[in-house]
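*Asks:*
Numbering (the working numbering), first residue to last: 5 to 198.
1. Buried or exposed: residue 135, going by 16 or more other Cβ atoms within 10 Å of its Cβ?
2. Thinking C-beta only, is residue 96 closer than 8 Å to residue 38?
3. Hey, residue 169 and residue 160: beta-carbon distance below 8 Å or not?
4. For residue 76, count neighbouring C-beta atoms within 10 Å of its own C-beta (all shown protein chains included) and say buried if the count is 16 or more, exposed if not.
5. Would you mind sorting residue 72 into buried or exposed? The rule is 16 or more other CB atoms within 10 Å of its CB.
6. Could you check how far apart the C-beta atoms of residue 124 and residue 45 are, in whole angstroms? I think they sit under 8 Å.
7. By DSSP, does residue 193 sit in helix, in strand, or in coil?
8. Alpha helix (DSSP H) containing residue 78: first to last residue?
9. Please return the same chain residues whose Cβ sits closer than 7 Å to the Cβ of residue 49, not counting the five positions on each side in sequence.
10. Pull up the CB-CB distance for residue 144 and residue 30, whole angstroms please, since I reckon it's below 8 Å.
11. What's the call for residue 88, buried or exposed, on a 16-neighbour Cβ count within 10 Å?
12. How big is the Cα-Cα spacing for residue 54 and residue 158?
13. In terms of residue numbering, what span does the alpha helix (DSSP H) encompassing residue 59 cover?
14. How would you call residue 203, buried or exposed, if buried means at least 16 neighbouring beta carbons within 10 angstroms?
15. If I'm right that residue 61 touches residue 186 with Cβ under 8 Å, what's the distance once you round it to whole angstroms?
16. Can you name, in chain order, every residue of its own chain whose Cβ lies under 7 Å from the Cβ of residue 182, other than the five neighbours on each side?
Shown next as structure tokens:
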């Protein structure tokens, strides 16, 4: 029996299971993060955006400038890509969890912003969607770099989604663009939040 490209054999159960395409999961996560952002407000979502940038910055610094850690991580990248995927995922989950754990800074600013409820909700939805693209995009990029060998996930076959994967943050949020993003995040926190 012929199966479409989005169906694969589940080796765990030994039978055919239907898999959701990664593109559909990506869009669903972006919408979910947008709804969460609308409920939380723009100030809290901005801190999540900054935590994603900070997580990427920590990874970059550990790989390139912390020599003892860099040697261990470089060896892990080369010898055990699956462990490298899990190490990166753990770093990003921890930083994003701290970003979602609201602080007194975002609570104080969020209280002021709640006076303009519609504006706060719309901007929160927009920033939440951006966070969805950042978070789901980074994880999808990690999966792509790892080769889709985890959890029975198959790579996208549609050329449009392949282009999306190639333009995810793993390619452009490194080096000077990453430093500029960190600079803007720190400047924004100092100017607006403090």
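Even for Gly, the Cβ is constructed at its ideal location relative to N, Cα and C.
*Replies:* Taking the structure as given:
1. As a working note, residue 135 is residue 131 in the chain shown. Buried, because 16 or more other Cβ atoms sit within 10 Å of the Cβ of residue 135.
2. Looking up residue 38 in the chain shown gives position 34. Looking up residue 96 in the chain shown gives position 92. Cβ distance not < 8 Å, so residue 38 and residue 96 don't count as in contact.
3. In the chain shown, the residue the question calls residue 169 occupies position 165. In the chain shown, the residue the question calls residue 160 occupies position 156. Yes. Within cutoff.
4. Sequence index remark: in the chain shown, residue 76 carries index 72 (1-based). That one is exposed.
5. One-based indexing of the chain shown puts residue 72 at position 68. Exposed: under 16 other Cβ atoms inside 10 Å.
6. Within the chain shown, the letter at position 120 stands for residue 124. Within the chain shown, the letter at position 41 stands for residue 45. With 8 Å as the limit, residue 124 and residue 45 qualify as a contact, their Cβ atoms being about 5 Å apart.
7. For the purposes of this step, residue 193 is identified with residue 189 of the chain shown, where counting begins at 1. Three-state result, residue 193: helix.
8. Your numbering for residue 78 matches position 74 in the chain shown. Residues 71-83.
9. What you label residue 49 is simply residue 45 of the chain shown in a count that begins at 1. Excluding residues within five positions, the ones whose Cβ falls inside 7 Å are 41, 128, 131, 132, 135.
10. Numbered from 1 along the chain shown, position 140 holds the residue referred to as residue 144. Numbered from 1 along the chain shown, position 26 holds the residue referred to as residue 30. Going by Cβ atoms, the distance from residue 144 to residue 30 rounds to 6 Å, so yes, they are a contact pair.
11. By 1-based counting over the chain shown, the position of residue 88 is 84. Burial call: buried.
12. Taking the chain shown and counting its residues from 1, one reaches residue 54 at position 50. Taking the chain shown and counting its residues from 1, one reaches residue 158 at position 154. So the two alpha carbons sit approximately 31 Å from each other.
13. Walking along the chain shown from the start, residue 59 turns up at place 55. Residue 59 -> alpha helix (DSSP H) spans 46-68.
14. The requested residue 203 does not occur in the structure, where the chain is confined to residues 5 to 198.
15. By one-based count along the chain shown, residue 61 stands at place 57. By one-based count along the chain shown, residue 186 stands at place 182. With 8 Å as the limit, residue 61 and residue 186 qualify as a contact, their Cβ atoms being about 5 Å apart.
16. As a position in the chain shown, residue 182 is number 178, starting the count at 1. Once the five neighbours on either side are set aside, the close Cβ partners of residue 182 are 60, 61, 64.
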